[in-house]
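Residue numbers (mature numbering (1 follows the signal peptide of the UniProt record, and there is no 0)): -19 to -1, 1 to 163.
Written as structure tokens, this is what we have:
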């Protein structure tokens, strides 16, 4: 079971790395993340401050995923990215839960950090535009709370917040018109 979870985690990290998502603080290409003590926050990857959503020109005619000029439709690409991030979050919550059961706190922290960065980059701007900043920041706060519970190695709080984030994920997916059945 441990090997299959490591393979799943490696697959998630590889897919994020190949797509240019979830970049962590690296040194010579190797991740340098540690959660041994809250005082060691300097080793944590920096928060992603980018909250800018893709803009779509309403005067641009489109046909499917490609504009009449042969360019990719940014709205379609944005939707695809949101679907990918939400599905990765769904899978990541299961990975975090399993890692916490096994006491693999560093792995769980890496997973929740990548999920948080991807959520801020791809989902938060669209969710803010759709449901408002207060709602979007509340959802993001739940993910931050999960990261804090993992960082403090609090098993009970981690399991509770995995369930809270799982329920919230389905509400967010419905609000954004995304199916998590893939």
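Just so it is clear, CB atoms sit at the ideal spot from N, CA and C, and this is done for glycine as well.
Which of helix, strand or coil DSSP assigns to residue 64: helix
Which of helix, strand or coil DSSP assigns to residue 84: coil
Limits of the alpha helix (DSSP H) - the one that residue 122 falls within: 114 to 132
Beta carbon proximity, residue 74 to chain B, threshold 8 Å: Absent from the structure: chain B. Only one protein chain is present.
Enclosing alpha helix (DSSP H) for residue 156 [first to last residue]: 136 to 156
Residue 162 classed as buried or exposed, judged by whether at least 16 other C-beta atoms fall within 10 angstroms: exposed
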